[in-house]
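Undergrad: Quick one: structure below, then a few questions.
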């Protein structure tokens with residue numbers, strides 16, 4: 407029986423069994439069908455499972471395919487991409503002979519991934535303070551510019567998805583702020599502002615109601631991302647958020663494809679003010695608006711032992 411090695415990587419954490427787990431399957435040399443990949447993904451039952459293959463397009467180092475437990479294939483730039491490149495680096499499957507830049511013990515490399523028929527760059531940062539030590543890696547990817555889509559004009563229906571009331575939708579400072587579909591690349595999510603951290607934490611998603619509302623608004627939408635401003639320290643603007651996808655059996659601990667377009671949503675709805683340089687700043691907080699520039703998703707990872 408054919409077999410394929412795999413790893414479980416905890417993305418956004420350097421502590422085993424924390425962060426956002428990703429199953430990474432080495433599918434090189436395996437002729438896996440879509441059905442087999444979906445069945446394997448369902449067996450892992452994690453937020454996402456990413457398979458990596460030898461490339462089929464010029465200029466790519468690896469071909470990637472990612473799936474949700476319910477069988478959806480996803481192409482967005484988030485933990486499904488960060489985790490597999492961290493694992494490729496960690497497993498010494500990348501050519502580190504030609505760094506783009508070198509500064510002290512830190513080197514930066516550019517590789518290219520094939521995903522959804524496109525070839526895009528990925529930054530891998532390697533740091534090694536001692537030649538005999540295991541190097542530390544961080545990964546950076548650039549999301550596609552965010553786009554705004556349909557606005558949900560029925561707060562009561564959205565609140566019912568979360569087990570909240572219509573009065574919980576919107577910010578105290580912007581009570582008329584409405585939920586809206588936002589996207590980066592081909593990944594679409596419903597972004598929902600809620601009134602308080604208490605409302606955010608008490609929300610319980612009804613999957614059936616979520617699917618119903620997403621299909622009514624935009625059938626391309628994967629999940630619901632609800633968020634609220636929270637007290638920061640030292641002048642740092644802070645938001646708390648949670649995410650649930652129709653394609654998962656449990657809440658997703660983190661999702662870059664929803665968090666990435668958040669600042670664009672806030673800016674375009676008048677909840678984020680820019681200075682004359684096109685930036686938003688408050689104390690130590692500095693945010694490059696996604697409406698004018700793309701952001702970097704970065705991660706460190708760990709393979710639980």
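Numbering (the numbering used here), first residue to last: 407 to 711.
For each residue, glycine too, the CB sits at the ideal point set by N, CA and C.
Computed from a predicted structure; not experimentally measured.
Round the Cβ separation of residue 631 and residue 645 to the nearest angstrom and send it over; I've been treating them as touching at under 8 Å.
TA: Residue 631 to residue 645, Cβ: 11 Å. No contact.
Undergrad: With which residues is residue 486 paired in a DSSP beta bridge?
TA: DSSP lists no partner for residue 486.
Undergrad: Is it a yes or a no for the segment 541 to 559 touching the segment 602 to 616, going by three-plus beta-carbon pairs under 8 Å?
TA: No, the segment 541 to 559 is not in contact with the segment 602 to 616.
Undergrad: Label residue 468 either buried or exposed according to how many other C-beta atoms from any shown protein chain fall within 10 Å of its C-beta, with 16 as the threshold for buried.
TA: Label assigned to residue 468: buried.
Undergrad: Could you check which residue in 441, 436, 485 and 497 has the C-alpha nearest to that of residue 428?
TA: Comparing Cα-Cα distances from residue 428 to each of 441, 436, 485 and 497, the minimum goes to 485.
Undergrad: By Cβ distance, which residues of its chain are closer than 8 Å to residue 576, with the 5 residues on each side in sequence left out?
TA: Around residue 576: 561, 582, 583, 584, 599, 600 and 601.
Undergrad: Using a Cβ-Cβ cut-off of 8 Å (strictly less than) and excluding sequence neighbours within five positions of residue 570, which residues of its own chain qualify?
TA: Taken in chain order, the residues that qualify are 600, 605, 608 and 609.
Undergrad: For the beta strand (DSSP E) containing residue 469, list its first residue and its last residue.
TA: Start and end: 468 to 473.
Undergrad: Thinking residue 410 and residue 440 are a contact (beta carbons under 8 Å), I'd like their distance in whole angstroms, please.
TA: Not a contact, Cβ separation roughly 15 Å.
Undergrad: Closest to residue 515 by CA distance: which of 487, 650 and 532 is it?
TA: It is 532 whose Cα lies nearest to the Cα of residue 515.
Undergrad: Which residue comes first and which comes last in the beta strand (DSSP E) that contains residue 507?
TA: Residues 507 to 509.
Undergrad: Where do the ends of the alpha helix (DSSP H) carrying residue 662 lie?
TA: Residues 662 to 665.
Undergrad: Classify residue 603 as buried or exposed, calling it buried when 16 or more other Cβ atoms lie within 10 Å of its own Cβ.
TA: The residue in question, residue 603, is exposed, as its Cβ has fewer than 16 Cβ neighbours within 10 Å.
Undergrad: For the alpha helix (DSSP H) containing residue 579, name the first residue and the last one.
TA: Where residue 579 is concerned, there is no enclosing alpha helix (DSSP H), given that its DSSP letter is neither H nor E.
Undergrad: Within this structure, are the beta carbons of residue 519 and residue 666 separated by less than 8 Å?
TA: No. Outside cutoff.
Undergrad: Pick out whichever of 590, 434, 422 and 664 has its Cα sitting closest to the Cα of residue 412.
TA: Out of 590, 434, 422 and 664, 434 has the C-alpha closest to the C-alpha of residue 412.
Undergrad: Among all the DSSP beta bridges, which residues are the ones paired with residue 479?
TA: Looking at the DSSP assignment, residue 479 forms a beta bridge with 473.
Undergrad: Taking residue 470 as the reference, give the member of 501, 438, 451 and 498 with the closest Cα.
TA: The option with the nearest alpha carbon to residue 470 is 438.
Undergrad: With a CB to CB cut of under 8 Å and the five nearest residues on each side skipped, what residues in its chain are close to residue 465?
TA: 518 and 525, listed in sequence order.
Undergrad: Is residue 676 buried or exposed, if buried means 16 or more other CB atoms sit within 10 Å of its CB?
TA: Exposed, because fewer than 16 other Cβ atoms sit within 10 Å of the Cβ of residue 676.
Undergrad: Kindly indicate which three-state DSSP category residue 608 falls into: helix, strand or coil?
TA: Three-state DSSP puts residue 608 in a helix.
Undergrad: Going by CA-CA distance only, name the one from 586, 455 and 659 that's closest to residue 672.
TA: Looking at the Cα atoms, 586 is the closest of the given residues.
Undergrad: Keeping to the same chain, check which residues put their C-beta closer than 7 Å to that of residue 627; ignore five residues upstream and five downstream.
TA: 587, 594, 595, 596 and 620.
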